[in-house]
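A quick write-up on the structure given underneath.
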Amino acid sequence: MNTVWMRVCAMGLVLGTIMGGAHAQSAAPAADAKASRLDAVIKAGRIRVCSPGDYKPFSLQRPDGGFEGLDLDLIGAAAKALGVEVEMVKTTWSTLLKDTAEKCDVGIGGISVSLERQKQAYFTSAYMVNGKAPITRCENVKRFQTVADIDKPGVTVIENPGGSNERFARANFKQAKIVIFNDNVTIFDEILKGNADVMISESVETVVQQSLRPGLCAVNPDKPLQYGEMAWLLPRGDEVFKAWMDQWLHLAKATGEYDRIVGRWIK
């Protein structure tokens, strides 16, 4: 064997070793892929669901401790498709992100999509477009048409703590008085009582509340003050779990299951 041929063979051996090593390295991540929460949920036979349970029609905790609402019916249908049971975990708006990350597999209950929340969690695909709208006593509808109309001295805005409603109020109202009320179920009665003039909430909730409480009227719910979307909170970084949830929501909408569920809660 001449010297040139020996050099060619040696180069081929080295190149083959490098390529073989590179192939082994490229294949390694697949073998070491992190297990998804999807697999853990299926194995456990349950999906742990965090919700404040104070936001009708999305999620409301009943006096008996059970939960009901639009989001409950949706997550129940998703759980059925997974072949698992739903285990509810009570949380608050202030601790929703932390509790969902530490105690639950998903957070639900009329959660607004925001970039701040996105820093700490994933969202499913939005299942509803639902912007911010005022609700007030019916005689004041013409008085509170815009943010500028509301943001005046002598106007009292009431909001529930820790959520996107409070953040919207603090970001937009500098002259109006902002009052924080801890009970998101009875907060609307405070407007009827005259303890507050207006509340900013999701447009769909203002429509529901005006039907439940005569004397209250939603202000332009079809033309909200701010664009908004609603989605479910998911663990950050779990692409497999998010992909399954997104696919379920897509198919639920495509087959009409989503509309049937929503129709039971929003007329």
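The opening residue of the sequence shown carries number -5 in the numbering used here; numbering runs sequentially from there.
Glycine included, each C-beta is placed from N, C-alpha and C at the ideal position.
Nothing here was measured: the structure is a model prediction, and the numbers come from that model.
- Take the alpha-carbon of GLY47 and the one of THR85: they are about 8 Å apart.
- C-alpha of GLN114 to C-alpha of ARG230: approximately 7 Å in a straight line.
- Where ARG131 is concerned, there is no enclosing alpha helix (DSSP H), although the beta strand (DSSP E) around it starts and stops at 126 to 131.
- Taking all protein chains in view, the Cβ of TYR221 is surrounded by fewer than 16 other Cβ atoms within 10 Å, so the residue is classified as exposed.
- Here ILE129 really is in contact with SER195; their C-beta atoms are around 6 Å apart, less than 8 Å.
- Per the DSSP secondary-structure output, GLN220 pairs in a beta bridge with LYS126.
- By the CB criterion at 7 Å, ALA75 and TRP242 fall inside the cutoff.
- Taking a cut-off of 8 Å on C-beta distances, the region 125 to 143 does not touch the region 238 to 258, as fewer than three cross pairs fall below it.
- The DSSP-derived three-state label of THR200 is helix.
- Contact between VAL83 and CYS98 holds, since their C-beta atoms are separated by about 5 Å, short of 8 Å.
- The C-beta of GLN55 has 16 or more other C-beta atoms within 10 Å across all chains shown, which makes the residue buried.
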